[in-house]
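To start, the structure under review is shown below, and the notes come after it.
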Amino acid sequence: MANKKTILFLLILCSNLSFSQETVTATKQDTLPPVSYSTIPEFWNQMDDIFNDPNFSNAHWGVIIQSLETTEYFYKRNEDKLFVPASNLKLFTTAASLVLLGADYQYTTDIFITGKIDGSILEGDLVIVGYGDPTISGRFYNGDMFKVFNDWADSLIALGIDEINGNIIGDDNNFDPVGLGAGWAWNYEPYWYAAPSSAVSFNDNCVEITVSAVDGVALLTVQPNTKYISIINNVNVVPGDSGVGLDIYRERGTNVISVFGAIKNNTTSDKLFATVNNPTQFSMVVLKEVFEKKGIVIRGFPVDIDDLAYNIDFSNVEKLFSHLSPPLKEIIKVINKNSHNFYAEQLIKTIGLEKEGYGSVENGVKALQEVHREMGINPESMIIADGSGLSHINLVTPKQILTVLHYMSRNNNYLPFINSLPIAGVDGTLHSRMKNTKAANKVRAKTGYLANVRSLSGYAYTADNEPIAFSIIVNNFNVPVKLAENIQDLVCLRLANFRRK
């Protein structure tokens with residue numbers, strides 16, 4: 163249990179009140195510095211007290227807090243030690259993407275044809291060449307996951323094409339075929355947060371499953387409702403006083419998805435999201451289905467280019483049109499505010515494609531290393547295994563994270579970068595943390611979570627509106643994660659209340 167000083171300090175901060183020197187009274191021998199006015203040494207002592215919480219005696223805290231105005235350090239603890247950062251790694255990926263690609267960078271998807279158009283018939287194949295666009299879903303189109311595909315169908319119809327006497331081919335060769343990250347746990351694979359990357363993708367490479375119970379029968383609704391997947395319904399309908407819970411499992415290397423668990427009668431569950439195997443094939447199957455609903459006849463098959471029995475001569479193809487994604491400054495909001503792993507994995511491979519000529523994590527990391535050297539980080543002193551932080555192999559120091567934050571605060575991409583971060587008490591993964599406190603709206607930071615890992619790094623403003631950069635990581639704890647979050651939030655509250663004497 164935390165000592166009296168920690169408990170009293172927490173109560174004062176959580177009350178969100180300002181205290182003058184006279185209003186703070188002593189409890190036995192324990193006296194607290196005032197919340198409103200303080201010095202750096204006093205703040206440092208308070209941080210020592212907070213991070214010496216005995217609940218974390220067998221864990222490791224890495225902390226660094228620095229003024230961006232004076233460069234003075236408010237606090238340091240194990241700042242040069244390596245930690246598993248979890249999703250705080252996304253700060254490295256998104257910061258580098260802005261520096262290397264620019265805030266207005268847009269993904270392109272090219273639509274080609276082989277053969278010739280004879281009247282309203284395409285005598286050849288339709289070829290979709292992807293460059294990693296993660297946004298072909300409903301996320302940027304008012305929830306309409308088919309909007310982009312319907313637009314492509316309308317473009318074909320506008321060109322007079324209503325029949326394709328060939329295949330619909332997805333060309334994903336701008337990315338490597340390695341869909342999952344190094345060091346990802348095998349049991350992550352069916353879940354949305356471990357969706358495989360691919361140069362051609364659709365709907366975050368997932369299907370949405372809604373479970374409902376009507377008259378004692380469990381019903382499953384799937385979007386997209388495609389023949390590409392098979393759903394096994396193992397959901398039980400239980401009485402109202404029973405425990406409930408649902409889960410999914412996808413057989414490895416297949417698109418057979420089992421939904422199991424229990425649901426109460428006459429209720430509807432939240433959506434479940436299951437990943438798909440071979441995202442390129444999945445995208446082409448759904449695209450064919452959308453085209454057919456639009457009245458376009460497809461004589462051939464939806465295929466991944468790697469499964470074709472023949473080679474396409476790209477020197478003899480015609481581009482019909484291209485599709486552009488929303489700008490990068492909007493895409494990184496999905497990555498940082500929502501902590502979206504799939505988007506981050508697409509982005510690091512895109513960096514590799516744009517800067518090294520081929521979309522792989524290795525090429526993306528190689529490009530990131532050049533940015534890190536420019537920032538003043540020795541890339542040999544860290545390990546980056548993916549773009550999202552889902553890998554347990556990743557190792558960085560709190561000081562390296564702070565260096566990224568400090569560099570971006572002076573970069574012309576600072577505004578899109580900070581706008582991509584969750585706002586305490588307002589949105590993203592911080593929407594429910596620090597609500598109704600002085601830290602709400604004054605802290606913008608990236609969260610991170612893996613088993614036995616909790617991280618929080620970003621920017622804060624003191625009561626004097628002094629800009630602060632900070633990184634707080636804990637590894638190897640075995641208490642409820644809420645306790646780690648409470649300590650991180652307490653530090654942010656103390657920063658938001660801090661006013662120099």
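As numbered in the numbering used here, residues 163 to 663 make up the sequence shown, in order.
Backbone N, C-alpha and C fix where the C-beta goes; we use that ideal spot for every residue, glycine too.
Does the beta carbon of residue i sit closer than 8 Å to a beta carbon anywhere in chain C?
{"i": "Met537", "result": "The question asks about chain C, but that chain is absent: this structure has only one protein chain."}
Only counting the same chain, and skipping five residues up and downstream in sequence, which positions put a Cβ closer than 6 Å to that of residue i?
{"i": "Thr271", "result": "Gly292, Asp295, His485"}
{"i": "Ser299", "result": "Met307, Asn365, Asp366"}
{"i": "Arg412", "result": "Pro352, Ile419, Ala436"}
{"i": "Thr430", "result": "Ser374"}
{"i": "Phe311", "result": "Leu449, Val452"}
{"i": "Thr383", "result": "Thr372"}
{"i": "Gly407", "result": "Gly423"}
{"i": "Trp206", "result": "Tyr237"}
{"i": "Asp242", "result": "Thr559, Lys561"}
{"i": "Gly341", "result": "Pro358, Ser359"}
Using the beta-carbon count (16 or more within 10 Å), is residue i buried or exposed?
{"i": "Ile555", "result": "exposed"}
{"i": "Ser219", "result": "exposed"}
{"i": "Pro441", "result": "buried"}
{"i": "Gly610", "result": "buried"}
{"i": "Phe660", "result": "buried"}
{"i": "Pro386", "result": "buried"}
{"i": "Thr512", "result": "buried"}
{"i": "Gln650", "result": "buried"}
{"i": "Val447", "result": "buried"}
What is the rounded straight-line gap between the Cα of residue i and the Cα of residue j?
{"i": "Ile275", "j": "Leu592", "result": "46 Å"}
{"i": "Val566", "j": "Gly590", "result": "21 Å"}
{"i": "Ile273", "j": "Glu492", "result": "24 Å"}
{"i": "Leu194", "j": "Val369", "result": "Per-residue confidence for Leu194 stands at a pLDDT of 40, beneath the threshold of 50, marking its modelled position as unreliable; no derived number is given."}
{"i": "Ala356", "j": "Lys278", "result": "40 Å"}
{"i": "Ser510", "j": "Pro642", "result": "The amino acid occupying residue 510 in the given sequence is Ile; Ser does not appear at that position. C-alpha separation (whole angstroms): 32 Å."}
{"i": "Phe236", "j": "Gln228", "result": "5 Å"}
{"i": "Ala622", "j": "Ile585", "result": "10 Å"}
{"i": "Ser550", "j": "Ser619", "result": "15 Å"}
{"i": "Val527", "j": "Ile563", "result": "16 Å"}
{"i": "Ala646", "j": "Phe639", "result": "9 Å"}
{"i": "Ile494", "j": "Asn240", "result": "29 Å"}
{"i": "Met561", "j": "Thr232", "result": "Inspection of the sequence shows that residue 561 is occupied by Lys rather than by Met. One C-alpha to the other measures close to 17 Å."}
{"i": "Thr189", "j": "Met596", "result": "Only weak support exists for where Thr189 lies, its pLDDT of 33 falling under 50; the coordinates are left without a value."}
{"i": "Ser259", "j": "Gly343", "result": "19 Å"}
{"i": "Glu234", "j": "Val523", "result": "36 Å"}
Just to confirm my understanding: we take residue i, look at its own chain, exclude 5 residues before and 5 after, and list those with CB closer than 8 Å. What are they?
{"i": "Asn336", "result": "Val291, Gly292, Tyr293, Gly294, Ala361, Leu515, Tyr520, Gly521"}
{"i": "Lys456", "result": "Asn312, Ala315, Asp316, Ile319"}
{"i": "Ser282", "result": "Gly322, Ile323, Asp324, Glu325"}
{"i": "Ala380", "result": "Val373, Ser374, Asn395, Val397, Asn398, Val399, Ile425"}
{"i": "Val479", "result": "Phe274, Ile275, Thr276, Val289"}
{"i": "Thr256", "result": "Ile494, Ile497, Asn498, Ala506, Leu509, Phe579, Ser582"}
Ignore the nearest five residues each way along the sequence and tell me which others in residue i's own chain have a CB closer than 7 Å to its CB.
{"i": "Leu321", "result": "Leu482"}
{"i": "Ala265", "result": "Pro489, Leu490, Lys491, Asn575, Pro578"}
{"i": "Phe254", "result": "Leu530, Ile546, Val566"}
Original post:
So, do the segment 533-544 and the segment 452-464 have three or more beta carbon pairs nearer to each other than 8 Å?
Top reply: no
**OP:** Decide if the segment 623-641 is in contact with the segment 222-232; the criterion is three or more beta carbon pairs, one per stretch, under 8 Å apart.
**Re:** Per the Cβ contact rule, the segment 623-641 is in contact with the segment 222-232 (3 or more Cβ pairs under 8 Å).
Subject >> Touch test, the segment 309-329 against the segment 388-395, Cβ-Cβ under 8 Å, three pairs minimum >> reply: Taking a cut-off of 8 Å on C-beta distances, the segment 309-329 does not touch the segment 388-395, as fewer than three cross pairs fall below it.
Subject >> At least 3 beta-carbon pairs within less than 8 Å: the segment 204-218 vs the segment 569-588 >> reply: With the cut-off at 8 Å, the segment 204-218 and the segment 569-588 do not touch.
**OP:** Output the residue ranges of the beta strand (DSSP E) runs that lie fully inside the segment 233-305 and measure 3 residues or longer, sorted by chain position.
**Re:** 235-239, 270-275, 278-280, 283-285, 288-291
Subject >> Cβ pair count under 8 Å reaching 3, the segment 604-619 against the segment 243-251 >> reply: yes
Original post:
Do three or more CB pairs link the segment 643-658 to the segment 594-611 at distances below 8 Å?
Top reply: yes
**OP:** List in chain order: all unbroken alpha helix (DSSP H) runs of 4+ residues lying wholly within the segment 546-603.
**Re:** The qualifying runs are 560-571, 576-581.
Subject >> Minimum length 3: unbroken beta strand (DSSP E) runs contained in the segment 341-413 >> reply: 368-376, 379-385, 392-400, 407-412
**OP:** At 4 residues or longer, and completely inside the segment 428-467: list those alpha helix (DSSP H) runs for me, N to C.
**Re:** 441-455
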